[in-house]
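A.B. asks:
Protein chains: 2
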Amino acid sequence: MVIESNPHHVVIIGGGFGGLNAAKTLKNTPVKVTLIDRRNLHLFQPLLYQVATGGLSPGDIAAPLRAVFRGSKNIQIFMAEVVAIDKKNKKILTHQKTIDYDSLIVSTGSINHYFGHDEWRPYAPGLKSIEDALDIRRRILTAFESAELTDDESLRRELLTFVIVGGGPTGVELAGTVGEITRYTIRKEYKSFDPGSARILLVEGMNRVLPAFPEDLSQACEKMLNDLGVAVMTDTLVTNISGHEVSLLKNKQETKIKTQCVLWAAGIKASPLGKIIAGDNDKMLDRSGRVIVEPDASVPGHRDIFVIGDLAHYRYRDGQPLPGLAPVAMQQGNYVARLILARLENKSIKPFRYFDKGTLATIGRSRAVGIVWKIKFKGFIAWFLWLTIHLRYVTGHQNRILVLIQWAWNYFTWARSARVITNVYEHAPSDYVKNK
Amino acid sequence: MVIESNPHHVVIIGGGFGGLNAAKTLKNTPVKVTLIDRRNLHLFQPLLYQVATGGLSPGDIAAPLRAVFRGSKNIQIFMAEVVAIDKKNKKILTHQKTIDYDSLIVSTGSINHYFGHDEWRPYAPGLKSIEDALDIRRRILTAFESAELTDDESLRRELLTFVIVGGGPTGVELAGTVGEITRYTIRKEYKSFDPGSARILLVEGMNRVLPAFPEDLSQACEKMLNDLGVAVMTDTLVTNISGHEVSLLKNKQETKIKTQCVLWAAGIKASPLGKIIAGDNDKMLDRSGRVIVEPDASVPGHRDIFVIGDLAHYRYRDGQPLPGLAPVAMQQGNYVARLILARLENKSIKPFRYFDKGTLATIGRSRAVGIVWKIKFKGFIAWFLWLTIHLRYVTGHQNRILVLIQWAWNYFTWARSARVITNVYEHAPSDYVKNK
Chain A
-18 MVIESNPHHV VIIGGGFGGL NAAKTLKNTP VKVTLIDRRN LHLFQPLLYQ
32 VATGGLSPGD IAAPLRAVFR GSKNIQIFMA EVVAIDKKNK KILTHQKTID
82 YDSLIVSTGS INHYFGHDEW RPYAPGLKSI EDALDIRRRI LTAFESAELT
132 DDESLRRELL TFVIVGGGPT GVELAGTVGE ITRYTIRKEY KSFDPGSARI
182 LLVEGMNRVL PAFPEDLSQA CEKMLNDLGV AVMTDTLVTN ISGHEVSLLK
232 NKQETKIKTQ CVLWAAGIKA SPLGKIIAGD NDKMLDRSGR VIVEPDASVP
282 GHRDIFVIGD LAHYRYRDGQ PLPGLAPVAM QQGNYVARLI LARLENKSIK
332 PFRYFDKGTL ATIGRSRAVG IVWKIKFKGF IAWFLWLTIH LRYVTGHQNR
382 ILVLIQWAWN YFTWARSARV ITNVYEHAPS DYVKNK
Chain B
-18 MVIESNPHHV VIIGGGFGGL NAAKTLKNTP VKVTLIDRRN LHLFQPLLYQ
32 VATGGLSPGD IAAPLRAVFR GSKNIQIFMA EVVAIDKKNK KILTHQKTID
82 YDSLIVSTGS INHYFGHDEW RPYAPGLKSI EDALDIRRRI LTAFESAELT
132 DDESLRRELL TFVIVGGGPT GVELAGTVGE ITRYTIRKEY KSFDPGSARI
182 LLVEGMNRVL PAFPEDLSQA CEKMLNDLGV AVMTDTLVTN ISGHEVSLLK
232 NKQETKIKTQ CVLWAAGIKA SPLGKIIAGD NDKMLDRSGR VIVEPDASVP
282 GHRDIFVIGD LAHYRYRDGQ PLPGLAPVAM QQGNYVARLI LARLENKSIK
332 PFRYFDKGTL ATIGRSRAVG IVWKIKFKGF IAWFLWLTIH LRYVTGHQNR
382 ILVLIQWAWN YFTWARSARV ITNVYEHAPS DYVKNK
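If you read the sequences in order, they're chains A and B.
With the first letter of the first sequence counted as 1, position 222 gets the number 203 in our numbering; the numbers rise by one all the way through.
With the first letter of the second sequence counted as 1, position 112 gets the number 93 in our numbering; the numbers rise by one all the way through.
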């Protein structure tokens, strides 16, 4: 038992982009750091859709937190789940341990949100965790396997219909990749049907895909999706999802589409840590459950608690909250760490400033759209930029090499070889077992 | 609906080493082939322990069957589970489909066996499937994470005790790798304890590890295990396994060892397909449930049904059954395929001859023992031979590159980066949640 010693103790909850960058900035400084995460790894979420579609293995986009901070004497890591925060006594409660803090950085991100329809969750997995990605991979691949086995044409049609809900970057990436797989990768691998005949629908509630992008890029994106066999339905709302059917509403007209594979990319909300921080004070949170923070990312009334990344509602210069993007979280993590260090020296630093390098959305092999350094890009150049930037930010040198090799391999062979399906018999769709 | 056409129809059940090689030999021949497997992949089982210990990702040692046979017009693949074989009418029954056969090759391997103690299964996973490997990986890694969290020294001792049951090649590989991890890989990654203090026990019922190897190699192996911190207990039987304790019996003395991580490498038995083939006729099976086959690998009384690999009891020249090794299954798969082709041309071929190239067991980095081309090897040379041979046989060019890079990386950095833990909160050990 060592008695709590002198150094200022910074506790970081969440090892995502925000927390990881805060810890990196505090590495080998005079503060003591405790990094708490439910997982033992930092996940490179922007490539999670490639795990879901069999292009990469989970290990390729996950860096063990302990390996990242192996040489750092001032950083301790706990794999634990935070269940309460005692703001008054400055304590973090986990199931196993109570931890005192001097400064607290909370960066636990967001979770899937079904807008009051949690009953859709089992039929329409989102894409936030490795388990989600493997679940989606299993659903896509077993759909083709079941289609090969059945002699019932209408069931095969149902199995070969994929509905992706949500036309933001994640929905576009998923739909585009499913299109690429059916049109190219597995085209010659089945004897009972042509995978190219698969029906892929991308459903978006607004009037265009990628609503956060300029309109001409949305149009370019829709064209690229169409080229990959994806049908885009805009101004369309989902009214019901079951294991066999999805109901869509457009112009007050309801359509029912038979499908066993619905993927959810329509909504996220703040992680439950927001509510733990707010306690009884609902006014601390916005509609999505994000904590509304001060210009220095601290929680109003608690200058030693910082909330960053997707969990934070950070009102920026234009009056809008900053978007839930990795660069925002990374820059905030770095900023808050520097702020804590400055405070210890009784110095002040300038308010947080977000440096927007741009955003890119990829649609499939050689296809992407986006804005980088305020210039619009589309097609191959956008895709190449996307590839370079993502490779640059994947954590871990070995991961970077593994991702590069698999991308190069997949590019030249059109293959996707990370097609392991796990727990298939525990999750067999009802027809897979009962049919015939 | 196409009516069954003329070509001779070979159905292969199981896409392991035996089935895969039979199908490869029958590729682009005049026969029609249907390959049935519960999975969509061929698993390179000899490297499964590296997935269990975080050195490789599942995708690295799994080749999608459809990708392997992409160019093969005469091979259809079904992902399905066989529930019955109608030998009289020559039909295979799966949940989804009934399939007629002219010749049948069954190569479904073996499963974990607890010698009448199935109640041990939840506490002591074996190493046969990808799920098994990920389960073992989760247990090993969460043990260290829980040890970092607890302040209870006796609980930490329990968490840092690993018991591997069975001193054959799999048990030796697992114990050696756990030793390597604790002594090198993660040595500097924890603040509450020294991973090098972990206790690793390898328990073997016979009087030496690797009982199938020459005695001097067993001794060399035990020495190498000791160097990695593994304590070897021979002549020792396991009498009970619970979630917190394992009971051992040596010289009529019972010892109880507190541990939450027991790994099972002590026994396998034939896959349930053996019983399906035998039906009421128990005499067709040996004690392990293997089908006793004729010199041409056919089932007595059914010259069109062949059983190969781990599922077969093939009595060889010395009167002993051939061992359950990948080379045996591969050579039998090739033999049976050639036999079927020869029969169609009314030709005969020589009886099956097993070409024994040797066996190697690896103990950890730079350490292995074995016999190759009848010469004994130990130490670095044996390890290098093991590495070269395994790399040679990994299926798929991309997998070979990925495995090579990760091995090279791990060798030079001592790292193991495939440390993704999945489903951790669904499988938390009781103490992990309840302690403190």
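Beta carbons are placed, not taken as given, at the ideal position from N, Cα and C, and that holds for glycine.
(1) Tell me C202 (chain A)'s beta-bridge partners as DSSP assigns them.
(2) Excluding the 5 residues flanking K231 (chain B) on each side, which residues of the same chain have their C-beta closer than 8 Å to its C-beta?
(3) Quick one: using the 10 Å Cβ neighbour count with 16 as the cut-off for buried, is N380 (chain B) buried or exposed?
(4) Which one or two residues does DSSP pair with L229 (chain A) in a beta bridge?
(5) Can you name the start and end residues of the alpha helix (DSSP H) that K256 (chain B) belongs to?
(6) Taking the alpha-carbon positions, what's the L22 (chain A) to I(-7) (chain A) distance?
(7) Use the C-beta contact count for K13 (chain B): other C-beta atoms within 10 angstroms, 16 or more gives buried, fewer gives exposed.
(8) Mapping DSSP to helix, strand and coil, what is G0 (chain A)?
(9) Under the rule that 16 or more other beta-carbon atoms within 10 Å means buried, what is D291 (chain A), buried or exposed?
(10) Is it the case that the Cβ atoms of D81 (chain A) and H(-11) (chain A) are separated by a distance below 9 Å?
(11) Spell out whether any CB of chain A is found under 9 Å from the CB atom of P45 (chain B).
(12) Give the residues of chain A in contact with E112 (chain B), contact being defined as C-beta atoms less than 8 Å apart.
(13) With a threshold of 16 other CB atoms inside 10 Å of the CB of R47 (chain A), please say whether the residue is buried or exposed.
(14) Could you pull out every residue in the same chain whose Cβ sits closer than 6 Å to the Cβ of W388 (chain A), ignoring the five residues on either side in sequence?
(15) May I ask you to list, following chain order, the residues of the region 115 to 135 of chain A that have a beta carbon less than 8 Å from some beta carbon of chain B?
(16) Cβ of W354 (chain B) within 9 Å of Cβ of K331 (chain B)?
(17) Tell me the DSSP secondary structure of M265 (chain A) in three-state form.
(18) Helix, strand or coil, according to DSSP, for A389 (chain B) in the structure here?
(19) Give a yes or no on whether the C-beta atoms belonging to K204 (chain B) and H94 (chain B) are separated by under 9 Å.
(20) Which stretch, first to last residue, makes up the alpha helix (DSSP H) that contains H425 (chain B)?
(21) Mind checking the region 378 to 392 of chain A against chain D and listing, in chain order, the residues whose C-beta falls within less than 8 Å of any C-beta there?
(22) For L22 (chain B) and chain A, any beta-carbon pair shorter than 9 Å?
(23) Alpha carbon to alpha carbon, what distance is there between D197 (chain A) and I222 (chain A)?
(24) Taking the CB atoms as reference points, tell me whether E154 (chain A) and Y30 (chain A) lie closer together than 9 Å.
(25) Examine the Cβ distances between the region 167 to 177 of chain B and the region 264 to 282 of chain B and report whether three or more of them are shorter than 8 Å.
(26) What does D67 (chain B) reach in chain A if we use C-beta pairs closer than 8 Å?
(27) With a Cβ-Cβ cutoff of 9 Å, do L438 (chain B) and G149 (chain B) count as a contact?
(28) Roughly how many whole angstroms lie between the Cα atoms of M418 (chain A) and G345 (chain A)?
(29) Going by DSSP, name the residue or residues bridged to H(-10) (chain A).
(30) Starting from F25 (chain B), follow the alpha helix (DSSP H) in both directions and report where the run begins and ends.
(31) Within 10 angstroms of the Cβ of A399 (chain B), are there 16 or more other Cβ atoms? Answer buried if so, exposed if not.
(32) Inspect the beta-carbon positions of G224 (chain A) and P103 (chain A) and report whether they are closer than 9 Å.
(33) Taking all protein chains shown into account, decide if V64 (chain B) is buried (16 or more other Cβ within 10 angstroms of its Cβ) or exposed.
(34) Taking 9 Å as the threshold (C-beta atoms), are A124 (chain A) and D108 (chain A) in contact?
(35) Which residues of chain A have a Cβ atom closer than 7 Å to the Cβ of K172 (chain B), listed in chain order?
(36) Is DSSP giving S398 (chain A) helix, strand or coil here?
C.D. replies: With the structure as the only source:
(1) Numbered from its first residue, the first sequence carries residue 202 (chain A) at position 221. DSSP, once it has assigned bridges, lists no residue as partnering C202 (chain A).
(2) Here residue 231 (chain B) refers to the residue found at position 250 when the second sequence is read from its first residue. Contacts found: M214, D216, T217 and L218.
(3) One-based indexing of the second sequence puts residue 380 (chain B) at position 399. By the Cβ neighbour-count rule, N380 (chain B) is buried, with 16 or more other Cβ atoms within 10 Å of its own.
(4) In the first sequence, residue 229 (chain A) corresponds to position 248, counting from 1. DSSP, once it has assigned bridges, lists A:V219 and A:T236 as partnering L229 (chain A).
(5) To locate residue 256 (chain B), count along the second sequence from 1; it is residue 275. That run of the alpha helix (DSSP H) goes L254 to A259.
(6) Indexing the first sequence from 1 puts residue 22 (chain A) at position 41. Indexing the first sequence from 1 puts residue -7 (chain A) at position 12. Going by the C-alpha atoms only, they are around 14 Å apart.
(7) One-based indexing of the second sequence puts residue 13 (chain B) at position 32. The residue is buried, with at least 16 neighbouring Cβ atoms inside 10 Å.
(8) Here residue 0 (chain A) refers to the residue found at position 19 when the first sequence is read from its first residue. Three-state DSSP puts G0 (chain A) in a helix.
(9) Position 310 of the first sequence holds residue 291 (chain A). When all chains shown are included, D291 (chain A) counts as buried.
(10) On the first sequence, position 100 is the one that residue 81 (chain A) refers to. On the first sequence, position 8 is the one that residue -11 (chain A) refers to. Result no, Cβ atoms of D81 (chain A) and H(-11) (chain A) do not sit closer than 9 Å.
(11) Locating residue 45 (chain B) in the second sequence gives position 64, counting from the first residue. So yes, P45 (chain B) belongs to the interface.
(12) Position 131 of the second sequence, counted from the start, is the residue given in the question as residue 112 (chain B). By Cβ distance, chain A contributes T403 and N404.
(13) Position 66 of the first sequence, counting from 1, holds the residue named residue 47 (chain A). Burial is judged here by how many other beta carbons sit within 10 angstroms of a residue's own beta carbon; R47 (chain A) has at least 16 and is buried.
(14) What you label residue 388 (chain A) is simply residue 407 of the first sequence in a count that begins at 1. Excluding sequence neighbours, W388 (chain A) sits near nothing in its chain.
(15) Within the region 115 to 135 of chain A, contact with chain B at the beta-carbon level (separation under 8 Å) is assigned to L115, L122, T123, E126, S127, E129, L130, T131 and D132.
(16) Taking the second sequence and counting its residues from 1, one reaches residue 354 (chain B) at position 373. Taking the second sequence and counting its residues from 1, one reaches residue 331 (chain B) at position 350. Going by C-beta atoms, W354 (chain B) is not nearer than 9 Å to K331 (chain B).
(17) Residue 265 (chain A) sits at position 284 when you count from the first residue of the first sequence. In this structure, M265 (chain A) counts as helix in the three-state DSSP scheme.
(18) Indexing the second sequence from 1 puts residue 389 (chain B) at position 408. When DSSP states are grouped into helix, strand and coil, A389 (chain B) belongs to the helix group.
(19) Sequence index remark: in the second sequence, residue 204 (chain B) carries index 223 (1-based). Sequence index remark: in the second sequence, residue 94 (chain B) carries index 113 (1-based). Their beta carbons are not under 9 Å apart, which means K204 (chain B) does not touch H94 (chain B) by this criterion.
(20) There is simply no residue 425 (chain B) to check, as chain B begins at -18 and stops at 417 in what is shown.
(21) Looking for chain D here will not work: the only protein chains present are A and B.
(22) Indexing the second sequence from 1 puts residue 22 (chain B) at position 41. Closer than 9 Å: yes.
(23) Taking the first sequence and counting its residues from 1, the one referred to as residue 222 (chain A) is at position 241. Taking the first sequence and counting its residues from 1, the one referred to as residue 197 (chain A) is at position 216. Each residue's alpha carbon lies about 32 Å from the other.
(24) The residue labelled residue 154 (chain A) in the question sits at position 173 within the first sequence. The residue labelled residue 30 (chain A) in the question sits at position 49 within the first sequence. Yes. Within cutoff.
(25) Because the criterion of three Cβ pairs below 8 Å is not met, the region 167 to 177 of chain B and the region 264 to 282 of chain B do not touch.
(26) As a working mapping, residue 67 (chain B) is identified with position 86 in the second sequence. Chain A residues near D67 (chain B): none, gap ~16 Å exceeds 8 Å.
(27) Because chain B here runs from -18 to 417, residue 438 (chain B) falls outside it and cannot be looked at.
(28) Not covered by the structure: residue 418 (chain A). The range shown for chain A is -18 to 417.
(29) For this step, residue -10 (chain A) is matched to residue 9 along the first sequence. Answer by DSSP bridge pairing, in chain order: A:K13.
(30) Counted from its first residue, the second sequence places residue 25 (chain B) at position 44. Going by DSSP, F25 (chain B) is part of no alpha helix (DSSP H) at all; its letter is neither H nor E.
(31) As a first step, residue 399 (chain B) must be located in the second sequence, where it is residue number 418. A399 (chain B) should be labelled buried.
(32) In the first sequence, residue 224 (chain A) corresponds to position 243, counting from 1. In the first sequence, residue 103 (chain A) corresponds to position 122, counting from 1. Contact flag set, yes.
(33) Here the question's residue 64 (chain B) lines up with position 83 in the second sequence. It counts as exposed.
(34) Here residue 108 (chain A) refers to the residue found at position 127 when the first sequence is read from its first residue. Here residue 124 (chain A) refers to the residue found at position 143 when the first sequence is read from its first residue. A quick correction: the sequence has Leu, not Asp, at residue 108 (chain A). Annotated as distal: L108 (chain A) and A124 (chain A), with beta-carbon spacing of 9 Å or more.
(35) Against the second sequence, residue 172 (chain B) aligns to sequence position 191. Near K172 (chain B) (Cβ distances below 7 Å), the residues of chain A are Q57.
(36) Reading the first sequence from its first residue, position 417 is the one you call residue 398 (chain A). Annotated three-state conformation of S398 (chain A) is coil, per DSSP.
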